[in-house]
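Colleague: Residue numbers (our numbering): 6 to 291.
A single structure is presented below for examination.
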Amino acid sequence: MYAEQPKWLSPTHLKRRQFVVASVSAGFALAVQPISAQTITTDSEGLEAGPITMPTSDGEIPGYSAKPMGSGPFPLVLVVQEIFGVHEHIQDICRRLAKLGYVAVAPELFYRQGDVSQLQSFEEIRAIVSRVPDAQVMADLDAAVDWAMGNASADPERLGITGFCWGGRITWLYAAHQPNLKAGVAWYGRLVGDATELTPTHPVDVAASLNAPVLGLYGGEDTGIPLETVEQMKAALEAAGDPSQFVIYPDAPHAFFADYRPSYRPEAARDAWERLQAWFREHGVV
6 MYAEQPKWLS
16 PTHLKRRQFV
26 VASVSAGFAL
36 AVQPISAQTI
46 TTDSEGLEAG
56 PITMPTSDGE
66 IPGYSAKPMG
76 SGPFPLVLVV
86 QEIFGVHEHI
96 QDICRRLAKL
106 GYVAVAPELF
116 YRQGDVSQLQ
126 SFEEIRAIVS
136 RVPDAQVMAD
146 LDAAVDWAMG
156 NASADPERLG
166 ITGFCWGGRI
176 TWLYAAHQPN
186 LKAGVAWYGR
196 LVGDATELTP
206 THPVDVAASL
216 NAPVLGLYGG
226 EDTGIPLETV
236 EQMKAALEAA
246 GDPSQFVIYP
256 DAPHAFFADY
266 RPSYRPEAAR
276 DAWERLQAWF
286 REHGVV
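The following block contains the structure:
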């Protein structure tokens with residue numbers, strides 16, 4: 006089902022493990038400073054939460070995990086980062102999910118291509134992100150499921166995924182990749198695009214082959230994701246008879262859930278978070 010889980014915490018791996026854990030950004034991306042006064046901070050009371058490393062087919066990568074105290078098994082949600090990496094906002098989302106009873110795991114999916122946490126501009130960050138192959142991302146997400154099964158009392162039969170911006174696109178693709186997925190929630194992820202060697206397909210191309218329903222949460226004022234592309238995706242899903250759905254927040258811009266950025270829209274964010282929880286409950290990620 007998933008990749009074989011190696012023994013990754015032996016003494017010979019400790020030095021490497023300390024290095025990769027340190028690469029997970031504890032703060033916010035420098036490119037989006039200053040931090041908003043509305044930034045949400047979720048504590049770790051009642052949780053096991055912190056940086057992790059996880060084995061993949063070609064070495065270890067860092068990440069962040071949060072889970073409830075106890076032996077489980079717990080439903081599992083993969084959390085897919087924005088272009089800014091696994092910084093504090095993504096870690097906080099993991100803790101919010103853990104407070105709801107989930108194991109939440111966010112692998113650092115740009116790790117091989119570079120560390121985006123210290124970069125000063127969108128141009129520098131995009132230069133790294135553009136080198137990340139979709140195939141690598143799919144494999145690393147599968148490895149995150151393996152890690153959670155072996156180390157965080159996760160139940161792979163109750164598997165969900167949610168992703169933001171860059172991670173929203175990945176959420177759709179993973180729904181077509183992973184046959185054991187129960188549901189996905191994609192936040193303002195790109196839906197169409199040109200095929201390249203590293204990104205050969207986009208969500209509209211895989212609409213007919215999703216293994217699980219996806220809830221798309223998008224902003225009507227998102228200048229980077231025109232509503233006509235949402236309509237294209239809706240048409241492709243309808244043609245395939247797929248039960249995935251969209252919710253459009255008419256006055257919301259891109260990144261309306263990112264409470265550390267000026268784009269944050271509290272009312273839309275709260276409604277969308279409730280819809281995420283309902284979607285996971287409806288489709289068996291509980």
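By construction, the Cβ of each residue, glycine as well, lies at the ideal position given by its N, Cα and C atoms.
Note that the structure is predicted; figures quoted are calculated from it, not measured.
Using three-state DSSP, classify alanine 263 as helix, strand or coil.
Modeller: Looking at alanine 263 - three-state DSSP - the assignment turns out to be coil, as it is neither helix nor strand.
Colleague: Three or more beta-carbon pairs under 8 angstroms between the stretch 169-183 and the stretch 202-221, yes or no?
Modeller: The stretch 169-183, when compared against the stretch 202-221, does touch it at the 8 angstroms Cβ threshold.
Colleague: Cα-Cα, which of Ile57, Gln141, Phe262 and Thr47 is closest to glutamate 202?
Modeller: The candidate whose alpha carbon is nearest that of glutamate 202 is Gln141.
Colleague: Can you look up phenylalanine 127 in the DSSP assignment and give me helix, strand or coil?
Modeller: Looking at phenylalanine 127 - three-state DSSP - the assignment turns out to be helix.
Colleague: Does the separation of the CB atoms of serine 158 and phenylalanine 285 fall below 7 angstroms?
Modeller: No, these two residues do not count as a Cβ contact at 7 angstroms.
Colleague: Taking 8 angstroms as the limit between beta carbons, can you name the residues of its chain near glycine 289, skipping five residues before and five after?
Modeller: Correct list, in chain order: Arg163, Lys187 and Ala188.
Colleague: Which partner residues of alanine 72 appear in the DSSP bridge assignment?
Modeller: The residue asked about is misnamed: residue 72 is lysine in this sequence, not alanine. BP columns for lysine 72 point to Glu53.
Colleague: Classify tyrosine 179 as helix, strand or coil using the three-state DSSP reduction.
Modeller: Here tyrosine 179 sits in helix by DSSP.
Colleague: Exposed or buried, what is glutamate 65 when buried is set at 16 or more other beta-carbons lying within 10 Å of its beta-carbon?
Modeller: The residue in question, glutamate 65, is buried, as its Cβ has 16 or more Cβ neighbours within 10 Å.
Colleague: Pairing CB atoms from the stretch 233-249 with CB atoms from the stretch 264-273, are three or more of them under 8 angstroms?
Modeller: Because the criterion of three Cβ pairs below 8 angstroms is not met, the stretch 233-249 and the stretch 264-273 do not touch.
Colleague: Leaving out the 5 sequence neighbours to the left and right, which residues in its chain are closer than 6 angstroms to tryptophan 152 when beta-carbon positions are compared?
Modeller: If we look at tryptophan 152 and ignore the five residues flanking it on each side, its Cβ neighbours are Met59.
Colleague: When the Cα atoms are used, what is the spatial distance from glycine 51 to arginine 117?
Modeller: Near 33 angstroms, if we compare the C-alpha coordinates of arginine 117 and glycine 51.
Colleague: Do proline 112 and glycine 68 have their C-beta atoms closer together than 7 angstroms?
Modeller: Yes. Within cutoff.
Colleague: With respect to the beta strand (DSSP E) encompassing arginine 100, which residues constitute its N-terminal and C-terminal limits?
Modeller: Unbroken run through arginine 100 is the alpha helix (DSSP H), 93-104; no beta strand (DSSP E).
Colleague: Just mark valine 252 as buried or exposed, buried being the case when its beta carbon has 16 or more other beta carbons within 10 Å.
Modeller: By the 10 Å Cβ count, valine 252 comes out exposed.
Colleague: Taking aspartate 199 as the reference, give the member of Val190, Ala191, Asp210 and Tyr193 with the closest Cα.
Modeller: Comparing Cα positions, the closest option is Asp210.
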